[in-house]
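One structure is given here, and the rest of the page talks about it.
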Amino acid sequence: MRPVTDTQPYSEPAGGPEGTEPEPAGPRALLDALWPPRVTRSQLLAATLLFALGLALAIQVRAASSEETALRNARPEDLVRILSDLEDRTARLEEERASLEDQRSDLETSSDQAEEARRQTRERERQLGVLAGTVAAEGPGVSLRISDPRGVVEADMLLDAVQELRAAGAEAIQINDVRIVADTSFVDHNGGVRIDGVPAGAPYLVSAIGRPQDLEPALNIPGGVVQSLENEGVGVTMDRPETVLVDALRSAEQPDYAQSSS
Numbered sequence: 001m002r003p004v005t006d007t008q009p010y011s012e013p014a015g016g017p018e019g020t021e022p023e024p025a026g027p028r029a030l031l032d033a034l035w036p037p038r039v040t041r042s043q044l045l046a047a048t049l050l051f052a053l054g055l056a057l058a059i060q061v062r063a064a065s066s067e068e069t070a071l072r073n074a075r076p077e078d079l080v081r082i083l084s085d086l087e088d089r090t091a092r093l094e095e096e097r098a099s100l101e102d103q104r105s106d107l108e109t110s111s112d113q114a115e116e117a118r119r120q121t122r123e124r125e126r127q128l129g130v131l132a133g134t135v136a137a138e139g140p141g142v143s144l145r146i147s148d149p150r151g152v153v154e155a156d157m158l159l160d161a162v163q164e165l166r167a168a169g170a171e172a173i174q175i176n177d178v179r180i181v182a183d184t185s186f187v188d189h190n191g192g193v194r195i196d197g198v199p200a201g202a203p204y205l206v207s208a209i210g211r212p213q214d215l216e217p218a219l220n221i222p223g224g225v226v227q228s229l230e231n232e233g234v235g236v237t238m239d240r241p242e243t244v245l246v247d248a249l250r251s252a253e254q255p256d257y258a259q260s261s262s
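Using our numbering, read the sequence shown as starting at 1 and increasing by one per residue.
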């Protein structure tokens with residue numbers, strides 16, 4: 001007896017190899033691609049910000065709409081009261097603005113006054129320094145050269161010249177290398193003159209700062225300093241330089257007893 005054989009050909013199951021599921025197709029494949037959504041961190045942050053912005057705009061529009069509706073539905077007396085309140089508030093703000101403007105103006109004025117006071121103080125110190133002989137000075141004036149070949153010039157002659165110059169408005173005076181101030185002393189010594197203890201010899205060079213039109217006539221008046229010196233045989237030459245320099249200085253002395261009262 002012959003064995004029985006199956007004459008039909010063998011075919012694999014429709015599902016493919018054992019344990020393998022078929023690939024999804026059609027709408028199901030599209031759904032699988034879109035869900036679950038793949039959201040990045042930046043996309044999530046942008047969405048949150050857009051949501052917050054939209055919410056804020058919606059609240060603002062609603063509040064404005066509510067205020068507009070409230071004003072539209074308000075009674076005339078309420079509108080008058082609201083308008084009065086707004087006018088009062090505007091007036092108060094205007095007063096505050098004016099007050100702040102006044103304060104700013106006061107501060108600017110105070111600052112300008114303080115600067116002006118400092119400027120005047122510096123100028124006053126400079127003027128006092130010139131008078132006290134502690135700072136150098138320059139300006140218009142006259143220069144006097146006194147030649148004394150015979151040695152006849154005495155202390156009182158130089159003092160007379162200084163007093164005439166001061167009376168004519170001289171603001172700074174120098175003889176040779178000595179600055180002349182209020183307490184300058186003139187003393188005859190060994191045929192010469194000592195000025196503030198410093199020996200001074202001929203020729204005596206006198207520099208005086210002031211108005212030349214006043215200083216020169218004061219020295220040249222009849223019987224004045226120049227004529228008196230010339231009568232003694234002393235040579236006197238006077239010039240009007242464009243600028244007279246007085247640069248001899250005295251050291252500032254502190255008073256022993258006097259103190260400022262301010």
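Cβ coordinates follow ideal geometry from the N, Cα and C atoms, glycine included.
Self-check item: Collapsed DSSP secondary structure at E232 in the structure displayed
Solution: Along the sequence shown, read from residue 1 onward, the residue named residue 232 stands at position 232. When DSSP states are grouped into helix, strand and coil, E232 belongs to the coil group.
Quiz item: DSSP three-state call for G201: helix, strand or coil?
Solution: Taking the first residue of the sequence shown as position 1, residue 201 is located at position 201. Three-state DSSP puts G201 in coil, outside helix and strand.
Exercise. Report yes if the CB atom of V193 is closer than 8 angstroms to the CB atom of A155, and no otherwise.
Key: As a first step, residue 193 is located in the sequence shown; it is residue number 193 there, counting from the start. As a first step, residue 155 is located in the sequence shown; it is residue number 155 there, counting from the start. In contact: V193 and A155 (Cβ atoms closer than 8 angstroms).
Quiz item: Quick one: what's R237 bridged to in DSSP?
Solution: Taking the sequence shown and counting its residues from 1, one reaches residue 237 at position 237. Note that residue 237 is Thr in the sequence shown here, rather than Arg. The secondary-structure analysis by DSSP pairs T237 across a beta bridge with R145.
Practice problem: Could you tell me if I279 is buried or exposed, where buried requires 16 or more neighbouring beta carbons within 10 angstroms of its beta carbon? | Solution: As displayed, the chain neither begins before 1 nor continues past 262, which places residue 279 out of reach and without an answer.
Quiz item: Just how far apart, CA to CA, sit I146 and L245?
Solution: As a working mapping, residue 146 is identified with position 146 in the sequence shown. As a working mapping, residue 245 is identified with position 245 in the sequence shown. For I146 and L245, the distance between alpha carbons rounds to 18 angstroms.
Quiz item: Leaving out five residues before and five after N176 in sequence, what residues of the same chain have Cβ atoms less than 7 angstroms from its Cβ?
Solution: Locating residue 176 in the sequence shown gives position 176, counting from the first residue. Apart from the 5 residues on each side of it in sequence, N176 sits with its Cβ closer than 7 angstroms to the Cβ of A200, Y204 and L205 in its chain, given in chain order.
Self-check item: Supposed close pair V181, A248 - CB separation, criterion 8 angstroms
Solution: Taking the first residue of the sequence shown as position 1, residue 181 is located at position 181. Taking the first residue of the sequence shown as position 1, residue 248 is located at position 248. Not a contact, Cβ separation roughly 10 angstroms.
Quiz item: Going by the beta-carbon positions, is the gap between E171 and V130 smaller than 8 angstroms?
Solution: For the purposes of this step, residue 171 is identified with residue 171 of the sequence shown, where counting begins at 1. For the purposes of this step, residue 130 is identified with residue 130 of the sequence shown, where counting begins at 1. Their beta carbons are under 8 angstroms apart, which means E171 touches V130 by this criterion.
Practice problem: Return yes when the Cβ of V142 is within less than 8 angstroms of the Cβ of D256, no when it is not. | Solution: Working through the sequence shown from its first residue, we reach residue 256 at position 256. Working through the sequence shown from its first residue, we reach residue 142 at position 142. Not in contact: D256 and V142 (Cβ atoms no closer than 8 angstroms).
Quiz item: DSSP on G254, reduced to helix/strand/coil?
Solution: The residue you call residue 254 lines up with position 254 of the sequence shown. It should be noted that the sequence gives Gln, not Gly, for residue 254. Residue state, collapsed to three classes: coil.
Quiz item: What's the C-alpha gap between S328 and R126?
Solution: As shown, the chain starts at 1 and ends at 262. That puts residue 328 outside it, with no answer to give.
Quiz item: Which of helix, strand or coil does DSSP assign to L249?
Solution: Locating residue 249 in the sequence shown gives position 249, counting from the first residue. Note: L249 maps to coil in three-state DSSP.
Quiz prompt | 3-residue-minimum beta strand (DSSP E) runs that sit fully inside the stretch 124-198, ordered along the chain | solution = Listed in chain order, they are 137-139, 141-147, 172-175, 178-180, 186-189 and 192-195.
Quiz item: CB V234 to CB V152, shorter than 8 angstroms?
Solution: Sequence index remark: in the sequence shown, residue 234 carries index 234 (1-based). Sequence index remark: in the sequence shown, residue 152 carries index 152 (1-based). Yes, Cβ-Cβ distance for V234 and V152 is below 8 angstroms.
Quiz prompt | Opening and closing residue of the alpha helix (DSSP H) in which P212 lies | solution = For this step, residue 212 is matched to residue 212 along the sequence shown. Taken as a continuous stretch (DSSP letters only), the alpha helix (DSSP H) holding P212 covers P212 to N220.
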